[in-house]
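What follows is one structure encoded as structure tokens, with my remarks underneath.
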Amino acid sequence: MSRNSDGTARVTLALRVHDRPVHIDARLPDWPARLDELLPALREVDDRVIDAVVAHVEAGGKRVSCAKGCSACCRAQPVPVTPPEAYALARLVERLPEPSGARVRAGFAANVERLREAGLYETYMQRDPAMTRDEARVIARRYMALKLTCPFLVNDACSIYAERPFTCRQYLVTSPPKLCDAPLDNAVKPVPIPAKFATAMLEVGEALTGRAPYTVPLALSLDYAGVNRMDLEKSGPAKLAFEQVVRRALG
Ligand code: SF4
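0 is the number of the first residue of the sequence shown in numbering that gives the first Met the number 0; add one for each residue after it.
Below, the structure written as structure tokens:
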């Protein structure tokens, strides 16, 4: 690890994904950091792994159907985000220039209102750890029926593409795009990505805060960040946390 002129530390990794060499060159905070401050470096790892997976899939004769302009997954799905991602999105919205900031905040407020009306707000904000997979599926179906559009979707494209959550990065399919309109009912074929960043973030977050965290739909990011700010502000050695997340994600 070497140091950059802006005080960040340079970290390099060499991996193999589906027998393809993957080289990662990322920047880490060189100070005690919150987990959301590690996201740029973790996204770099995730993106390079995904590149290798897509190359592998295409070398096998399949084609990833996802492309700019296809936004079915941004129009109904819950898009689970980890607490550090929710915090990063809340901070991003605070920094947005006007009128984009007002438009995005209004989009979030409208989606939150719809979730309250549907009785799903508390269900997602205070996740019951005993919820079964079947119960979660029933709730997801109710969520999808609301057809909530992500507030960051502009003209059928993601307006925060470089900073989109892990779920958005990793959701790639080889099935026809039309099937994504009802993913619980159709034979959607997701591309398996051998990098579990969301799970790893939750595990490392639990070690940092002492509380079992859970994902929330992207639509609730701002509310979640507001309620849990104290936990989200906790920091620790950046390099150690980065290594822990990467080891768990790729292990
Ligand atoms: S963050 Fe971007 S990619 Fe993710 S759901 Fe929203 S618009 Fe779609």
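By construction, the Cβ of each residue, glycine as well, lies at the ideal position given by its N, Cα and C atoms.
Could you check whether the Cβ of residue i sits closer than 7 angstroms to any heavy atom belonging to the ligand SAH?
i, result
"Ile159", "The ligand SAH is not part of this structure, which contains only the ligand SF4."
Under 8 angstroms Cβ to Cβ from residue i, same chain only, skipping five residues before and after it: list those, please.
i, result
"Glu205", "Ala211 and Pro212"
"Leu152", "Ser70, Cys73, Arg74 and Ser158"
"Gly118", "none"
Which residue from the options puts its Cα closest to that of residue i?
i, options, result
"Pro189", "Gln169, Thr208 and Ser158", "Gln169"
"Arg136", "Arg94, Ala181, Ala161 and Glu57", "Ala181"
"Leu217", "Arg115, Val80, Gly68 and Lys238", "Val80"
"Asn110", "Asp222, Val226 and Leu249", "Asp222"
"Ala156", "Ala66, Phe196, Tyr123 and Asp133", "Ala66"
"Phe196", "Ser220, Glu232, Ala240 and Leu219", "Ala240"
"Thr198", "Val92, Pro164 and Cys179", "Pro164"
"Thr214", "Asp5, Pro128 and Asp29", "Pro128"
Can residue i be considered in contact with the ligand SF4, in the sense that its beta carbon sits closer than 7 angstroms to one or more heavy atoms?
i, result
"Leu152", "yes"
"Val92", "no"
"Leu95", "no"
"Ala182", "It should be pointed out that residue 182 corresponds to Pro in this sequence rather than to Ala. Not under cutoff, so the answer is no."
"Val78", "yes"
"Pro164", "yes"
Less than 8 angstroms separating the beta-carbons of residue i and residue j?
i, j, result
"Pro31", "Gly209", "no"
"Val53", "Val63", "yes"
"Thr173", "Val21", "no"
"Met143", "Gln243", "no"
"Ala237", "Glu36", "yes"
"Pro82", "Asn227", "yes"
"Ala101", "Ala224", "no"
With a CB to CB cut of under 6 angstroms and the five nearest residues on each side skipped, what residues in its chain are close to residue i?
i, result
"Asn230", "Here residue 230 turns out to be Asp, not Asn, going by the sequence shown. Excluding sequence neighbours, Asp230 sits near Thr208."
"Pro150", "Val103, Gly106 and Phe107"
Return helix, strand or coil for residue i, following the three-state DSSP convention.
i, result
"Ser64", "coil"
"Thr122", "helix"
"Ser321", "Residue 321 lies beyond the range of the chain shown here (0 to 250); nothing can be said about it."
"Ala85", "helix"
"Ala32", "strand"
Here's a check: name, in chain order, each residue in its chain whose Cβ is nearer than 7 angstroms to the Cβ of residue i, leaving out the five neighbours to either side.
i, result
"Val296", "Residue 296 lies beyond the stretch modelled for the chain, which goes from 0 to 250, so this question has no answer here."
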